[in-house]
Amino acid sequence: MTGPATQATIDAVWRIESARLIGGLTRLTRDVAVAEDLAQDAFVAALEQWPASGIPENPGAWLMATAKRRGIDALRRQTTLERKQETLARRQLLHQLEQPDLATQVDEIDDDVLRLVFMTCHPVLSRDARVALTLRLVGGLSTPEIARAFLASEGTIAQRIVRAKRTLTQAHVPFEVPGQAELAERLSAVLEVIYLVFNEGYSATAGEDWTRPDLCGDALRLGRILGALMPREPEVHGLLALMELQASRLRARVGPGGEPVLLADQDRARWDGLLVQRGLAALQRAQALGAPLGPYTLQAGIAACHARARSVEETDWAQIVALYDGLAALTGNPVVELNRAVAVGMAFGPEAGLELADALEDDPAMAAYHLLPRVRGDLLLKLDRRDEARAAFERAAELCENARERDMLLAAAEACGA
Amino acid sequence: MRFMVLVPGSPESEAGEMPSTDLLEEMTKYNEELVKAGVMLSGDGLAPTSRGARVRFSGGERTVIDGPFTEAKEIVSGYWIWECASREEAIEWLKRAPFDGGTEIELREIFGAEEFDEAMTPELRERQDQMREQVEQRG
Numbered sequence: 000m001t002g003p004a005t006q007a008t009i010d011a012v013w014r015i016e017s018a019r020l021i022g023g024l025t026r027l028t029r030d031v032a033v034a035e036d037l038a039q040d041a042f043v044a045a046l047e048q049w050p051a052s053g054i055p056e057n058p059g060a061w062l063m064a065t066a067k068r069r070g071i072d073a074l075r076r077q078t079t080l081e082r083k084q085e086t087l088a089r090r091q092l093l094h095q096l097e098q099p100d101l102a103t104q105v106d107e108i109d110d111d112v113l114r115l116v117f118m119t120c121h122p123v124l125s126r127d128a129r130v131a132l133t134l135r136l137v138g139g140l141s142t143p144e145i146a147r148a149f150l151a152s153e154g155t156i157a158q159r160i161v162r163a164k165r166t167l168t169q170a171h172v173p174f175e176v177p178g179q180a181e182l183a184e185r186l187s188a189v190l191e192v193i194y195l196v197f198n199e200g201y202s203a204t205a206g207e208d209w210t211r212p213d214l215c216g217d218a219l220r221l222g223r224i225l226g227a228l229m230p231r232e233p234e235v236h237g238l239l240a241l242m243e244l245q246a247s248r249l250r251a252r253v254g255p256g257g258e259p260v261l262l263a264d265q266d267r268a269r270w271d272g273l274l275v276q277r278g279l280a281a282l283q284r285a286q287a288l289g290a291p292l293g294p295y296t297l298q299a300g301i302a303a304c305h306a307r308a309r310s311v312e313e314t315d316w317a318q319i320v321a322l323y324d325g326l327a328a329l330t331g332n333p334v335v336e337l338n339r340a341v342a343v344g345m346a347f348g349p350e351a352g353l354e355l356a357d358a359l360e361d362d363p364a365m366a367a368y369h370l371l372p373r374v375r376g377d378l379l380l381k382l383d384r385r386d387e388a389r390a391a392f393e394r395a396a397e398l399c400e401n402a403r404e405r406d407m408l409l410a411a412a413e414a415c416g417a
Numbered sequence: 000m001r002f003m004v005l006v007p008g009s010p011e012s013e014a015g016e017m018p019s020t021d022l023l024e025e026m027t028k029y030n031e032e033l034v035k036a037g038v039m040l041s042g043d044g045l046a047p048t049s050r051g052a053r054v055r056f057s058g059g060e061r062t063v064i065d066g067p068f069t070e071a072k073e074i075v076s077g078y079w080i081w082e083c084a085s086r087e088e089a090i091e092w093l094k095r096a097p098f099d100g101g102t103e104i105e106l107r108e109i110f111g112a113e114e115f116d117e118a119m120t121p122e123l124r125e126r127q128d129q130m131r132e133q134v135e136q137r138g
């Protein structure tokens with residue numbers, strides 16, 4: 000024992016242990032909902048006992064033993080009044096929990112966490128459900144924390160999590176790392192969830208604040224964990240590189256009044272050097288694992304071009320255009336095309352960029368996307384077509400849902416003159 | 000929140016001796032745990048103070064003192080940089096490190112840019128930024 004524990008200390012232990020605990024319990028019980036309940040029971044027991052007793056020497060083992068004991072007690076109480084079939088299922092569960100856990104070797108615990116990630120990011124769940132469940136079970140966030148992060152009510156998030164767990168149970172989603180045949184697809188679903196979380200933090204789609212660094216931090220942690228658990232997967236490092244490089248700009252991205260500061264106007268000395276280094280190193284690992292480069296590695300390559308440049312002018316825009324060519328060929332995504340238009344505008348002049356941006360105006364997927372008129376506004380302004388630029392910025396402000404960004408767009412429209 | 004963990008020197012580290020295979024193995028395992036938890040951002044060991052120096056400042060005078068330095072307690076032989084959600088989390092991680100024999104390991108929070116900004120005038124900040132930029136370009 001190491002002295003009485005405070006709530007903050009117990010929370011910290013939970014953050015460290017919860018994914019491994021829930022992973023291990025899911026392996027034993029084959030049901031993630033049961034596993035989380037048992038883990039929660041153990042956490043409550045810790046909250047009751049540790050303030051007086053202190054934190055045990057091996058808190059992870061204590062939590063696991065407590066969770067299993069609670070499970071066994073509950074099962075014993077319940078077995079008397081049931082039909083045979085259910086009793087059989089319970090007996091099996093009881094047997095599992097009563098076994099000494101032979102799988103406490105490090106490798107097995109790592110695998111538990113990895114299996115858990117693939118489960119919470121399973122395609123049988125909606126994207127929103129995957130995000131909430133992953134943050135909760137793998138990230139160790141509480142329901143109120145997730146609700147706050149996504150500006151949703153606690154009830155909504157709690158419901159979403161309960162339903163997600165039920166869906167996983169009903170669909171008999173196995174607790175396993177997918178085999179080679181489906182690994183690529185399933186891994187891409189995992190990476191998507193992590194990047195969704197990151198992006199919601201990096202440029203909030205709604206609300207008063209332009210960025211929410213805590214969410215970026217949660218996504219980065221998940222990305223770093225995955226990078227350590229799946230070191231042979233290039234796109235895992237590619238996504239991590241992308242997030243580290245983007246996060247390196249977080250503090251330069253917000254002005255003194257909370258307003259957005261765009262890449263071109265950022266004080267590059269305020270970029271986080273440690274994260275830049277880590278990002279470039281992760282990019283190198285991704286590239287070293289072999290071609291063809293995946294979408295995250297290509298995007299990280301683009302972010303690296305910015306990270307290496309002293310200024311906007313000294314940026315290797317031709318290289319960025321080449322990387323966007325690769326990305327556009329891979330994804331066929333109009334948003335990528337739009338970014339490519341920006342890069343072309345920088346590399347080969349605003350006229351060339353505007354031509355590409357204009358070509359996107361008929362794309363129905365872009366009709367409500369505020370960044371298209373914003374990019375057009377920037378390019379038109381560079382061509383000194385001020386009236387059109389003003390109209391474009393105003394259109395962008397109309398479509399934009401983030402208060403801070405909308406202010407900036409209205410200011411840009413204003414600055415175009417009458 | 001970012002933390003720096005400072006590992007003090009010992010007669011062995013000062014003699015340039017590498018730790019025993021057992022300790023190295025335990026330390027590697029511990030480092031792997033930190034990496035797998037997404038906690039460790041960087042870390043390094045430092046060469047003995049015999050390869051370092053101190054500079055004493057007094058008025059306009061600068062006195063260079065060559066290593067080694069004898070007060071082992073004041074010698075740092077290595078450091079980690081961690082990312083944790085709270086001071087408590089950093090402490091919990093540190094408690095799991097494989098040290099022994101009365102060793103005291105120091106945990107320090109690294110100032111965020113915001114806290115630093117408050118103490119800096121705009122002019123000072125600009126000069127600091129320029130300097131940092133030059134350093135990073137060279138690096």
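Those sequence lines, one after another, are chains A and B.
Here the first sequence stands for residues 0 to 417, where the numbers follow numbering that gives the first Met the number 0.
Here the second sequence stands for residues 0 to 138, where the numbers follow numbering that gives the first Met the number 0.
Just so it is clear, CB atoms sit at the ideal spot from N, CA and C, and this is done for glycine as well.
- Using 10 angstroms around the beta-carbon of G154/A, count the other beta-carbons present and answer buried if the total reaches 16, otherwise exposed. With fewer than 16 other Cβ atoms within 10 Å, it is exposed.
- Drop a sphere of 10 angstroms on the beta-carbon of Q298/A, count the other beta-carbons inside from all chains shown, and report buried for 16 or more, exposed for fewer. buried
- If the cut is a Cβ gap below 8 Å, which residues of chain B does T8/A touch? E87, I90 and E91
- Rounded Cβ spacing between A188/A and P122/A (contact assumed at less than 8 Å): 5 Å
- Quick one, which of V341/A, G23/A and L124/A has its alpha-carbon nearest V112/A's? G23/A
- For the putative contact between R114/A and F197/A, defined by C-beta atoms under 8 Å, what is the C-beta separation to the nearest angstrom? Not quite, the Cβ-Cβ distance comes to about 23 Å (not below 8 Å), so this is no contact.
- Message: Can you tell me which residues form a DSSP beta bridge with V4/B?
- Response: W79/B and L106/B
- Task: With a threshold of 16 other CB atoms inside 10 Å of the CB of A305/A, please say whether the residue is buried or exposed.
- Result: Reading off the sequence shown, one finds His at residue 305/A, where the question assumed Ala. The residue is buried, with at least 16 neighbouring Cβ atoms inside 10 Å.
- Message: Beta-carbon within less than 8 Å of E258/A's beta-carbon, same chain only, minus the 5 sequence neighbours each way: which residues are those?
- Response: W209, R403, D406 and M407
- Message: Please tell me whether V311/A has its Cβ less than 9 Å away from any Cβ of chain B.
- Response: It does not: the Cβ of V311/A has no partner Cβ on chain B nearer than 9 Å.
- Might you give, ordered along the chain, the residues of its own chain that have their beta carbon closer than 7 Å to the beta carbon of W49/A, omitting 5 neighbours on each side? A4 and I9
- Query: DSSP three-state call for V123/A: helix, strand or coil?
  - Reply: coil
- Item | C-alpha gap between D361/A and A183/A, whole angstroms | 33 Å
- Which two residues bound the contiguous alpha helix (DSSP H) that contains E234/A? P233 to A246
- Item | Local Cβ density within 10 Å of N401/A, reported as buried at 16 or more and exposed below that | buried
- Below 8 Å between beta carbons is the criterion; list the residues of the stretch 166-192 of chain A that meet it against any residue of chain B, in chain order. none
- Message: If we define contact as Cβ-Cβ less than 9 Å, is Y295/A a contact residue for chain B?
- Response: no
- Message: If the cut-off is 9 Å on Cβ atoms, which residues from the stretch 222-233 of chain A count as contacting chain B, listed in chain order?
- Response: G222, R223, I224, L225, G226, A227 and L228
- State the Cα-Cα distance for the pair L40/B and R284/A, rounded to the nearest angstrom. 16 Å
- Task: Keeping to the same chain, check which residues put their C-beta closer than 6 Å to that of P333/A; ignore five residues upstream and five downstream.
- Result: The answer, listed in chain order, is L359, D362, A364 and M365.
- Query: How about R53/B and F68/B: do their beta carbons lie closer than 9 Å?
  - Reply: yes
- Is A240/A near A321/A, with beta carbons less than 9 Å apart? no
- Item | Residues of its chain near R277/A, where Cβ-Cβ distance is below 7 Å and the 5 sequence neighbours each way are ignored | E243
- Query: Span of the alpha helix (DSSP H) holding F347/A?
  - Reply: Its alpha helix (DSSP H) spans residues P333 to F347.
- So I74/B is in the beta strand (DSSP E); what residue range does that whole segment cover? Here I74/B belongs to no beta strand (DSSP E), and DSSP marks it neither H nor E.
- Message: Counting C-beta neighbours from all protein chains within 10 Å, is the total for G216/A 16 or more, i.e. buried, or is it exposed?
- Response: buried
- Selection from L20/A, A45/A, A328/A and A41/A that minimises the alpha carbon distance to R68/A: It is A41/A whose Cα lies nearest to the Cα of R68/A.
- Task: Would you kindly work out how many angstroms separate the C-alpha atoms of Q179/A and L186/A, rounded to a whole number?
- Result: 11 Å
- Query: Between the stretch 6-39 of chain A and chain B, which residues of the former have a C-beta closer than 8 Å to a C-beta of the latter?
  - Reply: A7, T8, D10, A11, V12, R14 and I15
- Query: How would you call G138/B, buried or exposed, if buried means at least 16 neighbouring beta carbons within 10 angstroms?
  - Reply: Low confidence applies to G138/B: its pLDDT is 39, below 50, so where it sits in the model is not reliable enough to give any reading.
- Tell me which same chain residues have a C-beta within less than 6 Å of the C-beta of V192/A, skipping the five on either side of it? C120, R129, V130 and T133
- Message: Against chain A, does I171/B count as a neighbour if the rule is that its beta carbon must be under 9 Å from one of theirs?
- Response: Since the first residue of chain B shown is 0 and the last is 138, residue 171/B is not available in this structure.
- Would you kindly work out how many angstroms separate the C-alpha atoms of I224/A and R339/A, rounded to a whole number? 31 Å
- Task: Please go through the stretch 348-413 of chain A and give each complete alpha helix (DSSP H) segment of 4 or more residues, from N-terminal end onward.
- Result: 349-358, 370-381 and 385-398
- How should V75/B be labelled, buried or exposed, when 16 other C-beta atoms within 10 angstroms of its C-beta is the threshold for buried? It is exposed - the Cβ of V75/B has fewer than 16 other Cβ atoms within 10 Å.
- For a contact meaning CB atoms closer than 9 Å, what does R220/A contact in chain B? A36, G37, V38, E82 and A84
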